[in-house]
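Protein chains: 2
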Amino acid sequence: MDQRVKKKATIYDLSVLSGSSPSTVSAVLNGTWRKRRIKESTAQTILGLAELHQYTTNLQARGLRRSRSGLVGLMLPVHDNRYFSSMAQTFEGHVRSRGQCPVVVSASRDPEEERRTAETLISYSIDQLFIVGATDPDGVHEVCELAGLRHINIDLPGTKAHSVISDNYQGARMLTEAIIRRFGNDDPLRPDELFLFGGRNDHASRERIAAFHATKKALLGADPDDGVQSSGYSPDITLRAFEAFYQCRGKLPRALFINSSINMEGLLRFMAGRPAEMFSELVVGCYDYDPFGSFLPFPVIMVRQNVEAMITKAFELIDEPPTAPHTFLIAPELIQPRSALKGPLDTLKDIA
Amino acid sequence: MDQRVKKKATIYDLSVLSGSSPSTVSAVLNGTWRKRRIKESTAQTILGLAELHQYTTNLQARGLRRSRSGLVGLMLPVHDNRYFSSMAQTFEGHVRSRGQCPVVVSASRDPEEERRTAETLISYSIDQLFIVGATDPDGVHEVCELAGLRHINIDLPGTKAHSVISDNYQGARMLTEAIIRRFGNDDPLRPDELFLFGGRNDHASRERIAAFHATKKALLGADPDDGVQSSGYSPDITLRAFEAFYQCRGKLPRALFINSSINMEGLLRFMAGRPAEMFSELVVGCYDYDPFGSFLPFPVIMVRQNVEAMITKAFELIDEPPTAPHTFLIAPELIQPRSALKGPLDTLKDIA
DNA sequence: AGTTTCTGCACCATCGATTGTGCAAGCGAA
DNA sequence: TTCGCTTGCACAATCGATGGTGCAGAAACT
Chain L
1 MDQRVKKKAT IYDLSVLSGS SPSTVSAVLN GTWRKRRIKE STAQTILGLA
51 ELHQYTTNLQ ARGLRRSRSG LVGLMLPVHD NRYFSSMAQT FEGHVRSRGQ
101 CPVVVSASRD PEEERRTAET LISYSIDQLF IVGATDPDGV HEVCELAGLR
151 HINIDLPGTK AHSVISDNYQ GARMLTEAII RRFGNDDPLR PDELFLFGGR
201 NDHASRERIA AFHATKKALL GADPDDGVQS SGYSPDITLR AFEAFYQCRG
251 KLPRALFINS SINMEGLLRF MAGRPAEMFS ELVVGCYDYD PFGSFLPFPV
301 IMVRQNVEAM ITKAFELIDE PPTAPHTFLI APELIQPRSA LKGPLDTLKD
351 IA
Chain S
353 MDQRVKKKAT IYDLSVLSGS SPSTVSAVLN GTWRKRRIKE STAQTILGLA
403 ELHQYTTNLQ ARGLRRSRSG LVGLMLPVHD NRYFSSMAQT FEGHVRSRGQ
453 CPVVVSASRD PEEERRTAET LISYSIDQLF IVGATDPDGV HEVCELAGLR
503 HINIDLPGTK AHSVISDNYQ GARMLTEAII RRFGNDDPLR PDELFLFGGR
553 NDHASRERIA AFHATKKALL GADPDDGVQS SGYSPDITLR AFEAFYQCRG
603 KLPRALFINS SINMEGLLRF MAGRPAEMFS ELVVGCYDYD PFGSFLPFPV
653 IMVRQNVEAM ITKAFELIDE PPTAPHTFLI APELIQPRSA LKGPLDTLKD
703 IA
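These protein sequence lines map, in sequence, to chains L and S.
Per the working numbering, the very first residue in the first sequence carries number 1; after that it's consecutive.
Per the working numbering, the very first residue in the second sequence carries number 353; after that it's consecutive.
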């Protein structure tokens with residue numbers, strides 16, 4: 001009875017021990033026993049035995065029978081980033097509070113990997129899939145659709161399922177404006193002194209770049225065409241973009257719009273080894289919030305996407321009866337330099 | 353045939369279509385068909401049909417039968433932190449390269465939650481569990497042991513299973529030394545000017561604190577008893593510790609040893625709203641690495657734990673036949689201020 | 001021709017839980 | 001006493017894949 005590594009108890013074991021049938025045991029243990037008119041005392045007996053023998057449901061068996069698993073998937077581009085990891089943290093909280101089990105995986109922004117990952121999750125009969133920042137949301141949709149899996153896009157929109165995304169245009173507008181206004185009237189920013197680094201050809205980048213251009217034009221009167229240096233979502237490519245810029249012009253712009261914290265890491269790589277004074281006059285706007293990024297030696301204005309609101313909205317939508325795909329915008333928030341905001345961790349129990 | 357949301361094809365469907373038995377189909381699809389002496393041509397037929405009908409294995413069914421799932425679990429304290437999220441990123445790479453599916457979940461440093469989480473994962477018949485930074489590793493061990501689940505501790509050691517952890521003592525020694533040496537001989541640091549913030553009563557904190565004391569004593573000749581302000585792993589408690597300290601002494605210490613990046617966020621919260629000049633002379637050592645943290649306006653010396661080495665070692669150990677529990681130390685690395693290091697993301701394909 | 005050895009596959013029990021259905025015993029009413 | 005209803009549960013099919021075993025027919029050998 002107390003041997004190490006004993007087999008786990010099953011409903012059949014409890015059935016023998018209790019003298020009831022497996023189906024009765026099953027009903028008692030999964031809570032449907034009142035509906036099946038099982039006597040209270042029978043239920044108590046079985047529950048007692050279950051406790052005693054440390055019974056736990058084999059969720060694979062249940063999943064096989066019910067053809068759902070109780071697993072809820074979150075597919076991220078990458079883990080190693082405060083934006084996405086706070087997404088994971090928030091997501092977990094929601095899933096847990098629904099009594100399900102979160103499964104967080106990353107797919108490296110690779111369309112092929114994204115589809116494979118979705119397929120794997122489907123093979124485990126996950127109940128729902130939240131697709132965050134996918135490079136090819138519609139490709140993933142295809143896979144989910146075939147399997148009849150409820151899914152929703154977050155952060156980057158698709159055309160075939162609901163999407164909940166940051167209001168990138170407004171966010172970028174606010175950010176560009178804040179960067180420009182940061183310079184006083186005595187020495188105002190010139191249009192050719194503000195550059196955008198990062199981004200690629202995705203919806204978020206396009207919106208941000210459009211807002212960047214429009215706001216520059218509106219506030220600075222002009223907007224030279226070369227104001228944007230695409231460099232994907234890679235620190236190293238961004239580093240090279242900065243190096244190329246620097247080589248070419250002999251200096252950095254006075255002000256930068258950086259498309260994401262990942263690109264911001266490219267700026268850090270550029271800064272490493274160069275004198276701090278080189279950057280003392282710099283003003284940076286970054287479309288993402290990172291508490292440490294907010295305290296760099298130069299002013300960094302950041303945009304915090306409202307992760308909590310996005311996840312909440314996504315959970316609402318995913319449960320609703322399906323309608324024509326729609327994209328929901330969630331307003332992000334402008335964060336002044338030197339701000340240390342609370343995050344999902346702050347809701348955890350504090351233990352000193 | 354092309355209806356939306358058709359049921360997924362099973363081996364039975366393919367069995368009918370191909371005229372072979374389900375077991376033959378199964379063998380062909382899971383690759384054991386040569387061992388079962390299935391004719392090449394039969395196999396090809398079935399593979400062709402599988403392709404045609406987009407067959408994918410129902411992994412819950414397989415898992416039920418084989419009583420393993422192909423899932424490998426990683427249990428983190430929290431997601432929203434560069435140390436743990438880089439752990440997740442690295443872990444994923446390893447699991448994927450073994451053809452299994454990573455499942456990353458967090459358990460909030462709550463012993464109860466840790467055990468529940470382990471139990472849930474066990475109910476899904478995960479194959480292995482990597483337990484990172486658990487508050488009660490031995491409690492989790494108990495649960496795993498009962499289920500015969502292979503598991504290993506990372507970051508915080510347990511006494512009942514192998515552990516792979518950072519060499520906290522050496523790391524803290526290096527860090528303390530680097531902080532002290534940062535001050536020149538003309539205005540050397542006094543013992544009562546260096547304080548440690550953060551940490552609680554766990555193995556890592558104890559080791560670090562011990563090394564902190566020892567190194568202070570060795571290099572500064574003395575070590576007043578009140579040099580340590582425990583504040584758990586919570587930004588807010590750390591904030592309050594700084595506020596209390598400041599209230600009491602009217603200033604911050606000249607030098608700080610901060611126990612983790614989470615505690616470091618407490619310092620950020622303290623900085624927010626206070627003038628930057630207040631911190632211009634500060635020297636900080638932080639036991640954790642965060643690229644943005646490395647570029648704060650004052651020198652921040654960081655310790656980077658070798659996540660890749662830890663995970664690699666853990667994978668080696670978890671596959672080995674079990675022996676008496678042993679703790680393996682992995683040397684961390686001292687990172688000079690203003691360093692932007694490569695991380696797990698840099699191994700991904702760069703797409704501009 | 002008779003016997004042994006391969007080939008190539010089918011059969012069937014099994015993993016553990018779920019759920020539609022059936023049915024006996026008990027009870028009240030007619 | 002008989003009919004009908006309720007109570008309390010057991011039976012058995014099912015989810016999809018796996019793998020041990022057995023067996024017919026062909027090939028090889030004596």
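Beta carbons are placed, not taken as given, at the ideal position from N, Cα and C, and that holds for glycine.
Below 8 Å, how does it come out for the region 425-443 of chain S and the region 480-490 of chain S: are there three or more Cβ pairs, yes or no? yes
First through last residue of the beta strand (DSSP E) which encompasses S/G415: Stepping through the second sequence from its first residue, residue 415 of chain S is reached at position 63. Taken as a continuous stretch (DSSP letters only), S/G415 belongs to no beta strand (DSSP E), being part of the alpha helix (DSSP H) at L411 to R418.
May I ask you to list the residues that DSSP assigns as paired with S/P454? Locating residue 454 of chain S in the second sequence gives position 102, counting from the first residue. Answer is S/V424, bridged to S/P454.
With which residues is L/V143 paired in a DSSP beta bridge? Working through the first sequence from its first residue, we reach residue 143 of chain L at position 143. Note: L/V143 sits in no beta bridge, so no partner.
Consult DSSP for L/A107 and reduce its assignment to one of helix, strand or coil. By 1-based counting over the first sequence, the position of residue 107 of chain L is 107. DSSP places L/A107 in coil when its eight states are reduced to three.
For L/Q60, count the other beta carbons within 10 Å of its own beta carbon; 16 or more makes it buried, fewer makes it exposed. Which is it? Residue mapping note: residue 60 of chain L aligns to position 60 of the first sequence, counting from 1. L/Q60 comes out buried.
C-beta neighbour in chain L for S/L608, strict 8 Å: Here residue 608 of chain S is taken as the residue at index 256 of the second sequence, counted from 1. Chain L, which has no Cβ nearer than 8 Å to the Cβ of S/L608, makes this no.
What residue from S/E444, S/S475, S/G584 and S/L366 has the CA that sits closest to L/T57's CA? Counted from its first residue, the first sequence places residue 57 of chain L at position 57. That would be S/S475, whose Cα lies nearest to the Cα of L/T57.
Using the beta-carbon of each residue, which ones in chain L are nearer than 7 Å to S/Y476? As a working note, residue 476 of chain S is residue 124 in the second sequence. Within 7 Å Cβ-Cβ: L59 and Q60.
So who's on the other strand from S/C638, going by DSSP bridges? As a first step, residue 638 of chain S is located in the second sequence; it is residue number 286 there, counting from the start. Beta-bridge pairing links S/C638 to S/I610 and S/M654.
Measuring only between beta-carbons, confirm whether L/Q281 sits less than 8 Å from chain S. As a position in the first sequence, residue 281 of chain L is number 281, starting the count at 1. Before going further, note that residue 281 of chain L is Glu rather than Gln in the sequence given. Not closer than 8 Å to any Cβ of chain S, the Cβ of L/E281 fails to qualify, so no.
Check for me: the alpha helix (DSSP H) holding L/V16 runs from which residue to which? Here residue 16 of chain L corresponds to residue number 16 of the first sequence, with the count starting at 1. Per DSSP, L/V16 belongs to the alpha helix (DSSP H) from I11 to S18.
Of the listed residues S/P543, S/R386, S/S583 and S/P643, nearest to S/M654 (C-alpha basis): Counting from 1 along the second sequence, the entry for residue 654 of chain S is found at position 302. Here the closest residue by C-alpha is S/P643.
One question on the structure: do L/I180 and L/L317 come within less than 8 Å of each other, judged by their Cβ atoms? On the first sequence, position 180 is the one that residue 180 of chain L refers to. On the first sequence, position 317 is the one that residue 317 of chain L refers to. Not a contact, by the Cβ cut-off of 8 Å.
Which of helix, strand or coil does DSSP assign to L/L129? If you number the first sequence from 1, residue 129 of chain L lands on position 129. For L/L129, the three-state secondary structure derived from DSSP is strand.
Endpoints, beta strand (DSSP E) assigned at S/V430: Along the second sequence, one-based indexing puts residue 430 of chain S at 78. Where S/V430 is concerned, there is no enclosing beta strand (DSSP E), given that its DSSP letter is neither H nor E.
For the alpha helix (DSSP H) containing S/N553, list its first residue and its last residue. Here residue 553 of chain S refers to the residue found at position 201 of the second sequence. Run containing S/N553: none; DSSP gives neither H nor E here.
As assigned by DSSP and simplified to three states, the class of L/I335: For the purposes of this step, residue 335 of chain L is identified with residue 335 of the first sequence, where counting begins at 1. In the structure shown, L/I335 sits in a strand (DSSP, three-state: E or B).
Curious, which full-length beta strand (DSSP E) runs of at least 3 residues does the region 140-190 of chain L contain? 150-154 and 163-166
With 8 Å set as the bound, which would you pick, yes or no: does the beta-carbon of L/G343 sit closer than that to a beta-carbon of chain S? In the first sequence, residue 343 of chain L corresponds to position 343, counting from 1. By this cut-off, L/G343 is an interface position.
Can you check which of these residues, L/Y287, L/P325 and L/P321, is closest to L/P332 by C-alpha distance? In the first sequence, counting from the first residue as 1, residue 332 of chain L sits at position 332. L/P332 has its Cα closest to that of L/Y287, out of L/Y287, L/P325 and L/P321.
Would you report the Cα separation of S/N382 and S/S372, rounded to the nearest angstrom? For this step, residue 382 of chain S is matched to residue 30 along the second sequence. For this step, residue 372 of chain S is matched to residue 20 along the second sequence. Those two C-alpha atoms are separated by around 15 Å.
If we ignore side chains and look at the alpha-carbon of each, how far apart do S/M630 and L/K342 end up? Position 278 of the second sequence, counting from 1, holds the residue named residue 630 of chain S. Position 342 of the first sequence, counting from 1, holds the residue named residue 342 of chain L. Going by the C-alpha atoms only, they are around 22 Å apart.
Using a Cβ-Cβ cut-off of 7 Å (strictly less than) and excluding sequence neighbours within five positions of L/G293, which residues of its own chain qualify? Translated into the one-based positions of the first sequence, residue 293 of chain L becomes position 293. Excluding sequence neighbours, L/G293 sits near S261, M264, C286, V300 and M302.
For L/I330, does the three-state DSSP call read helix, strand or coil? Within the first sequence, numbered from 1, the residue matching residue 330 of chain L stands at position 330. Here L/I330 sits in strand by DSSP.
Does any CB atom of chain L fall closer than 8 Å to the CB of S/E672? As a working mapping, residue 672 of chain S is identified with position 320 in the second sequence. So, not an interface residue.
Distance check for L/S26 and L/K35, CA to CA, integer angstroms please. Counted from its first residue, the first sequence places residue 35 of chain L at position 35. Counted from its first residue, the first sequence places residue 26 of chain L at position 26. Going by the C-alpha atoms only, they are around 13 Å apart.
Quick one: what does DSSP say L/L296 is sitting in, helix, strand or coil? By one-based count along the first sequence, residue 296 of chain L stands at place 296. In the three-state reduction of the DSSP assignment, L/L296 falls in the coil class.
Please return the same chain residues whose Cβ sits closer than 6 Å to the Cβ of S/V455, not counting the five positions on each side in sequence. For this step, residue 455 of chain S is matched to residue 103 along the second sequence. Result list for S/V455: L423 and G425, in chain order.
Give the interface partners of S/D408 over in chain L, defined as CB-CB distance under 8 Å, in chain order. Counting from 1 along the second sequence, the entry for residue 408 of chain S is found at position 56. Strictly speaking, residue 408 of chain S in this sequence is Thr, with Asp absent from that position. The contacting residues are E119, I122 and S123.
From what residue to what residue does the alpha helix (DSSP H) around L/S230 run? Numbered from its first residue, the first sequence carries residue 230 of chain L at position 230. Where L/S230 is concerned, there is no enclosing alpha helix (DSSP H), given that its DSSP letter is neither H nor E.
Cβ shell of S/S367 (< 7 Å), same chain only, five flanking positions each side left out: For the purposes of this step, residue 367 of chain S is taken as residue 15 along the second sequence, with counting starting at 1. Within the same chain, S/S367 has close Cβ partners S373, P374 and V377.
State the DSSP-derived secondary structure class of S/L700, mapped to helix, strand or coil. By 1-based counting over the second sequence, the position of residue 700 of chain S is 348. Coil.
In angstroms with no decimal places, state the Cα-to-Cα distance between L/E92 and S/T590. Along the first sequence, read from residue 1 onward, the residue named residue 92 of chain L stands at position 92. Along the second sequence, read from residue 1 onward, the residue named residue 590 of chain S stands at position 238. Taking the straight line joining both Cα atoms gives about 25 Å.
Whose Cβ in chain L lies nearer than 7 Å to the Cβ of S/A624? Along the second sequence, one-based indexing puts residue 624 of chain S at 272. Result: R338, S339 and A340.
Residues of its chain near L/V307, where Cβ-Cβ distance is below 7 Å and the 5 sequence neighbours each way are ignored: Reading the first sequence from its first residue, position 307 is the one you call residue 307 of chain L. The residues are S86, M87 and T90.
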